[in-house]
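Asks: In the numbering used here, the protein residues as written are 12 to 271.
Idealized CB from N, CA, C, for every residue including glycine.
Sharing a structure here in structure tokens format.
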DNA sequence: ATGTCGTAACGTTTACGA
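If you want it as structure tokens, here you go:
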């Protein structure tokens, strides 16, 4: 089973690109971020034609997450638990049935947090604390669980082309990285890092300043695996070529293949 | 050239978020 995450930066602008990618990469499960649309603005037909069930958690203009799965979707949960006041659409969970064992997938779009310090940075850290609580709950079930999405966190210096340019940025500040590693150290495996130790693996290049042409990238889209999922990992990778196509997202897909 | 996108708003341009 191949599970991919892709921050598409706008479903309306990216639909043709997204469908081409689905036809070519054919992931069994796709977790999408930054729909930038309400649920009604996301067409279901093109996905259903391709054999996918779809669940969306949208919001006008900003954020928005979705999950697509060929084998169907069960027990969909929208929104990160822990704060009923939080209206931002950044979290979706679903169970994928049909394999040897069911897989629980969590798709997330973690807050950017800039400028830091400030209220947006406080929101990011509070959101990460809530996510840690949810991760603890799901890990206690000892199931095959995948947490994938745009974390807006650069874990280490090896994950950024120009580390010194990101020193004060919310994506690279010590508080953000510490919160990321607190979750990782609960027993999760960073799929890409487990299999590809080399530096220079990026998932995002800014549209500005010819960042792609200069390979001035950062690794912020991550797939974290529960121990039961990590034991099933066969391969994983970053779909870098997506960045050089016409009208690309500023992110590229990241995928993992599980033996299930 | 405050550099690039995507989205929404009474919109042929501006503001915001990233």
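Ignore the nearest five residues each way along the sequence and tell me which others in residue 198's own chain have a CB closer than 8 Å to its CB.
Replies: The answer, listed in chain order, is 150, 237, 238.
Asks: If I measure Cβ to Cβ from residue 183 and keep anything under 6 Å in the same chain, skipping five residues before and after, which residues do I get?
Replies: 165, 177.
Asks: Bridge partners for residue 103 per DSSP, in chain order?
Replies: DSSP, once it has assigned bridges, lists 89, 118 as partnering residue 103.
Asks: Report back the beta-carbon spacing between residue 115 and residue 156 to the nearest angstrom; my notes put them in contact at under 8 Å.
Replies: With 8 Å as the limit, residue 115 and residue 156 qualify as a contact, their Cβ atoms being about 4 Å apart.
Asks: Return the bridge partner residues of residue 248 from the DSSP annotation.
Replies: DSSP, once it has assigned bridges, lists 266 as partnering residue 248.
Asks: Please give me, in chain order, every unbroken run of the alpha helix (DSSP H) with length at least 4 that falls completely inside the stretch 120-170.
Replies: List check, alpha helix (DSSP H) in window: 130-151.
Asks: Reducing DSSP to helix, strand and coil, say where residue 64 ends up.
Replies: DSSP places residue 64 in strand when its eight states are reduced to three.
Asks: Could you tell me which residues DSSP puts in a beta bridge with residue 44?
Replies: Answer is 18, 76.
Asks: Considering residue 195, what are the terminal residues of the alpha helix (DSSP H) in which it resides?
Replies: Here the alpha helix (DSSP H) through residue 195 covers 185-195.
Asks: Note down, in chain order, each residue of its chain lying with its Cβ closer than 7 Å to the Cβ of residue 38, except the 5 sequence neighbours on either side.
Replies: The residues are 13, 14, 15, 266.
Asks: With DSSP as the reference, identify every bridge partner of residue 201, one or two as the case may be.
Replies: Residue 201 is bridged to 235.
Asks: Determine the direct distance from the alpha carbon of residue 119 to that of residue 153, and round the result to whole angstroms.
Replies: Cα to Cα, residue 153 sits roughly 20 Å from residue 119.
Asks: Find the nearest neighbour of residue 203 within the set 226, 246, 242, judged by alpha-carbon distance.
Replies: Taking only the C-alpha atoms, the option nearest residue 203 is 246.
Asks: Taking just the CA atoms, how far does residue 85 sit from residue 69?
Replies: Their backbone Cα atoms lie some 18 Å apart in a straight line.
Asks: How many angstroms separate the CA atom of residue 126 from the CA atom of residue 135?
Replies: When rounded, the distance between both Cα atoms is 11 Å.
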